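Only one structure is covered here, and it is reproduced in the block below.
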Amino acid sequence: MAEKIRRDQGRFREIVRGTVRKNLKKYISRGEMIGQQGKKQVRIPMPQIDIPNFRFGQREQGGVGQGEGEEGQPLSPGEEGDGPGGGKAGKDPSEHELDVEVELEELAQILGEELELPKILPKGQRRIRAASDKYTGIARIGPESLRHFRRTYREALKRQIASGVYDPQRPMVIPFKEDLRYRSWKEDVQPQSNAVIVYMMDVSGSMGEEQKEIVRIESFWIDAWLRSQYKGIESRYIIHDADAREVDRETFFRTKESGGTLISSAYRLCLQILTKDYPADEWNIYPFHFSDGDNWSPDDTRKCLKLLEDELLPRANVFCYGQVYSPYGSGRFLKDLRGHFDDHETLILSEIRNRDAIIGSIKDFLGKGK
Amino acid sequence: MLGLPRYMYRIVEEIERHAKEVGLDFYTTIFEMVPYDTMNEIAAYQGFPTRYPHWRFGMQYERLSKSYTYGLHKIYEMVINNDPCYAYLLEGNSLVDQKMVIAHVFAHCDFFKNNQWFAATNRKMIDEMANHGARIRRSIERRGLENVERFLDVCLSIDNLIDVHSPFIRRERIESDADEEPVQVSRIEAKPYMEEYVNPPQVLEAERKRREAEREHAKQKLPAQPVKDVMGFLVEHAPLEPYERNLLEMVREEAYYFAPQGQTKIMNEGWASFWHSRLLTGRVLSAAEIVDFADNHSMTMQTSPQKLNPYKLGLDLFRDIEDRWNRGAFGREYEDCDDIVARESWNRQLDLGLGKIFEVRRIYNDITFIDEFLTPEFAARQMMYTFGYNPKTSRWEIFSRQFEAIKAQILRDLTNFGQPEIYVEDANHKNRGELMLKHTHAGVDLQPDYGQATLANLVRIWRRPVNLRTVVGDKRRIWHHDGTEFKELPG
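Just so you know, the protein sequences line up as chains A and B, in that order. Start counting the first sequence at 111; every next residue gets the next number (the working numbering). Start counting the second sequence at 38; every next residue gets the next number (the working numbering).
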C-alpha cells in the first residue's frame, strides 16, 4: 500500500522540481504553513500545484465569520480555518519572529531546478552492472517473445474457476487476451555510485574569514546538491596553505589556518589520492578548488599548470576552479589559468566576488551539465 | 472484525448498541485501526484504499504528513460512504477520543444511508474506485504515464462542471406540439393596389421557407436547453478516443460520488457531532472521562473569524431545531409574535424535537437547511458577521451583522459549492462546430488566468474552439480559445 502513495508523491515532487511536465510550472505555488518547533515558530514549505478550473476571482469574495468586532473593523490576517478534527494551528503569526525553516534536501532541490546534473560517464564495472534492466516484473502487455507461460495459464485458470467454467474432470485451460502475462523489466534506478568529488580549499593567511565563509557556503551547497542527486557519491577534502593535507568533512568546513600558499601542494595531494583510490577509467572525477588566486610564486604556478595539464585534467570529467575576491590577494592565478588553457573543455573557471555571487558561481560549475 | 484489538471491539459493540437505541440506522460499519502514516495515505486518497495513480494524491499526502509531523493537524477519523461503511481510527489516540470518533462515525453512516441527497450514490464505491484504478493503470501501460496523466489533468480541470441535481432528474421528451403556430411572415404595410409590388408573393414565400427552416434548425439545436452537466455533455458529444472517453467518464463518476458530501458538509458534520456528544455524555462515558471529552470536543468546535466551522454550525443548528420543536417555537402563531419575551419563553411542550431532527437529516441539504432553520436569534447568539475585502483600505473587514446579509452570504457560498455556474449553450456555435458555454454571472467575475487555462483544456477535449459567455467588470464578454490563442471579444 505504502508503495503507491510513494510513487504519487515522487511524481508530485518531480513535477515541482520541474524535471517533468514543465507546462505545470506556472501553477506551482510555494505555499507554506506556520508550525511550531519547540518554542520557535517556523515556516514549513508546502509547494502546491493547482489544477486550473473556472473559479471566482479571489479578492472579490467574502464570507461569514464568527466572533467579536464592530462593523468596519479589520480582521487580523490569519490562516484559513482548521480542517476536520480541529487541529491546533499556530495562531497570530504576526506576534512572533518567524524563522525560515527549510529542509536541506528541499533547498537542494530548489537549487536543482536551475541546474543540470553533471553527466556521469559510464565508467567501471560497477556502473555497468547497476544499470542493467532486470526482468523481474510482470506486465499485461508485451511482446510475444516475452510471454510468461506459467503466469498466463495461472491467470486463465483463476478466471475459469472464478466464473465457474472450469471442470476438474476435463481440465482445459484456454487463456484469453486478458489473461496474457508478459515478463517485464524494471530499470534499476540505483544512482551511479562511482563518482568522487575532491574539494580543495586555500586556507592561507590571505584568505580572510569572509573569503573562507564564501568557499564554505559554496562548497557546502555543491556538496549538498550532488549528494541529494547521487546517493553514495564519494567526497574527499583537502585544505592547503603552503602545505596540503587531507581532512574530514567537519574539519574542512570549520578549520582556521594561516600561512603561505603553494597551490601545487594541493594539486599534488589530489593527484595522489586519485591515483591511489580512484583510477580514472572507473571513476567520474570532479575536483573543485577554491582560492583567492594568490599563489606564492610564478614558479609554483607553473608547476600547477603542468600538473593540471598532464595529470588532473585528463583524469577529471571537469575541473572546477573558483576564485574568491580578496582585498589582499592578487587574483593572479585565475588569469594564469585563463591565459594558459583558454577555453579548455573540461576546465571551468568562476569568479566569486561576494556572497551574492555564490549562486551564480554554482551555476557556472554545475549549470552546464558536464 | 479485523484490524481492531479486542478491547476496542467491545467498545465499538457497546456504542453501536447505544446508537441503534437512539434511532440511528446505518449500514454494517467496519472499523480499522491504522497508524498515522497509513491514515495520511488513506486520507490523501480521499478515504479509498485503492485509486488510480495521480500526482495530486501525492501532493495531498505530502501536505498531510508534513502538517502531522509539525503537529499542526491530525486526522482523527475517516469514514467512507459505502455499503458496508468503512471507518478508520487513528492508532495511539486516547480511549476517550476513540469513543468520540466511533460515535461520530455511526452518525455519519446513518446520514449517508438516510439523507436523500446520497440516494443516488454508488454504495459499492470502494470496488468502483479500485476498478477505476485498474482501468487507468492499464491505460497507462498502453499509452504511457505522461499521456494519460495529461488527459486526467484536463478532465480534473473541469470536474466542477457537473449538475448535482442531474441524478434525480428524469426528463421526458416533450413531444413537439402538433398544432404549432404557422410561421408568420411580416409584411410591409401598403395600399391594396401596391400590395403585389411592395410585398411580392414569391419573396414572401421564400422568407416563410427560410423561417421554417430556421425553426427546424432550432429544434435540432444541441443542446435543446442549456445543460449544466458539462462533463456529461462532453462524454456524450465530444470527439474523444475511447480511452479518453473512459477517463473523462471515470473522473465524472467520481465527482458525482463526492458531490453530496459537499452538499451536506454542515449537516453531516453537525449530525455526527450532535450524536457523538449526546451518546457520549448521556450514555457511554464515565464521570472520569467527561473532562477529557469536553476538552477535545471544544477543540473541534473552535470558531474562526474568517470561516464558519461546519461542525459547530451544524451541531448548534440541530440543537436549536430540537429545542424549538420541543417548545413548539415554530409555525404561524410563533412567527407572528413580536413580543421578544414571549418568544423566548415560548413553550407549548410539544416534544417534537427528536422526530423533527430525524426528518431534517432525511430531506434537507446544506442550502435548504440554512435557508429554513437559520434564524435571526441564532445568528445573533453565534455572533455571526459578514466580511470582505475593502479595496479602499486594502484590508479584510467586518461588513455587516445584519441577519439578511449574513444569510445571503452563507447561501451564496453554498450555492453550487461556491463555484461559478457554467452551462453548455450551443455545440455548434456560428455553425462552425465551436462550443459555446455560458457563465451565469451572479456578481463575481471569474479568475481570468485560470479561466483561460480551463478553456484551453476544454479545447483539448472538444477539438474545436471553445467560447465562454461571461461578464468582466460589468461588461458582457465572450472568452474565446482556439487551442493556441486566447481572445476576449465583446459579447
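All C-beta atoms in this analysis are idealised placements derived from N, C-alpha and C, irrespective of residue type, glycine included. In this text, all values refer to a predicted model and were calculated from it rather than measured experimentally.
CA-CA distance, residue i and residue j?
i, j, result
"residue 164/B", "residue 114/A", "17 Å"
"residue 157/A", "residue 125/A", "11 Å"
"residue 140/B", "residue 316/B", "7 Å"
"residue 92/B", "residue 58/B", "44 Å"
"residue 219/B", "residue 275/B", "35 Å"
"residue 314/B", "residue 345/B", "20 Å"
"residue 178/A", "residue 172/A", "17 Å"
"residue 469/A", "residue 330/A", "12 Å"
"residue 156/B", "residue 252/A", "43 Å"
"residue 465/B", "residue 264/B", "14 Å"
"residue 476/B", "residue 161/B", "34 Å"
"residue 250/A", "residue 395/A", "42 Å"
"residue 362/A", "residue 327/A", "12 Å"
"residue 294/B", "residue 159/B", "7 Å"
"residue 56/B", "residue 380/B", "33 Å"
"residue 462/A", "residue 401/A", "10 Å"
"residue 32/B", "residue 469/B", "Examination of residue 32/B is not possible in this model, given that chain B is present from 38 through 528 alone."
"residue 271/A", "residue 283/A", "10 Å"
"residue 287/A", "residue 275/A", "17 Å"
"residue 390/A", "residue 178/B", "41 Å"
"residue 160/A", "residue 86/B", "24 Å"
"residue 261/A", "residue 271/B", "40 Å"
"residue 192/A", "residue 114/B", "Caution applies to residue 192/A, whose pLDDT of 32 falls short of 50 and renders its modelled position unreliable; the model cannot decide the point."
"residue 319/B", "residue 284/B", "49 Å"
"residue 387/A", "residue 170/B", "50 Å"
Use the C-beta contact count for residue i: other C-beta atoms within 10 angstroms, 16 or more gives buried, fewer gives exposed.
i, result
"residue 181/B", "exposed"
"residue 422/B", "buried"
"residue 599/B", "This structure leaves residue 599/B out entirely; chain B is present only between 38 and 528."
"residue 420/B", "exposed"
"residue 518/B", "buried"
"residue 289/A", "buried"
"residue 22/B", "Look at the range of chain B in this structure, 38 to 528, and you will see that residue 22/B is not part of it."
"residue 327/B", "exposed"
"residue 183/A", "exposed"
"residue 84/B", "buried"
"residue 231/B", "exposed"
"residue 205/B", "exposed"
"residue 324/B", "exposed"
What residue does the beta strand (DSSP E) around residue i start on, and which one ends it?
i, result
"residue 109/B", "It is not in any beta strand (DSSP E) - residue 109/B carries neither H nor E in the DSSP assignment."
"residue 350/A", "344-350"
"residue 425/B", "421-427"
"residue 496/A", "Absent from the structure is residue 496/A, since the part of chain A shown begins at 111 and ends at 480."
"residue 176/A", "173-176"
"residue 69/B", "66-71"
"residue 469/A", "No beta strand (DSSP E) contains residue 469/A, which is instead part of the alpha helix (DSSP H) from 468-476."
"residue 512/B", "512-518"
"residue 396/A", "394-401"
"residue 437/B", "432-437"
"residue 344/B", "Neither: residue 344/B is in no beta strand (DSSP E) and is coded neither H nor E."
"residue 258/B", "Element bounds for residue 258/B: n/a, residue is neither H nor E."
Near residue i, which residues of its chain fall below 6 Å by C-beta distance, leaving aside the five closest residues on each side in sequence?
i, result
"residue 139/A", "158"
"residue 175/A", "none"
"residue 130/A", "124"
"residue 499/A", "There is simply no residue 499/A to check, as chain A begins at 111 and stops at 480 in what is shown."
"residue 362/B", "389, 390, 393"
"residue 120/A", "none"
"residue 378/A", "none"
Less than 8 Å between C-beta atoms, sequence neighbours within five positions excluded: which residues of the same chain meet that for residue i?
i, result
"residue 166/A", "none"
"residue 288/B", "189, 192, 193, 196, 268"
"residue 134/A", "125, 159"
Can you tell me where the alpha helix (DSSP H) holding residue i begins and where it ends?
i, result
"residue 472/B", "Premise fails: residue 472/B lies in the beta strand (DSSP E), 471-476, not in any alpha helix (DSSP H)."
"residue 296/B", "279-300"
For residue i, which residues from the same chain have a beta carbon less than 7 Å from its beta carbon, with the 5 sequence-adjacent residues on both sides left out?
i, result
"residue 349/A", "311, 313, 355, 357, 362, 365, 367"
"residue 34/B", "A question about residue 34/B goes unanswered here, because the residues of chain B that appear run from 38 up to 528."
"residue 166/B", "85, 87, 88"
Under 8 Å, Cβ to Cβ, is there at least one residue of chain C near residue i?
i, result
"residue 247/A", "The structure shown contains no chain C; its protein chains are A and B."
Every unbroken alpha helix (DSSP H) within the stretch 240-307 of chain A, with a cutoff of 4 residues, ordered by chain: 259-273
Complete runs of the alpha helix (DSSP H) confined to the stretch 43-99 of chain B [at least 4 residues]: 43-58, 73-81
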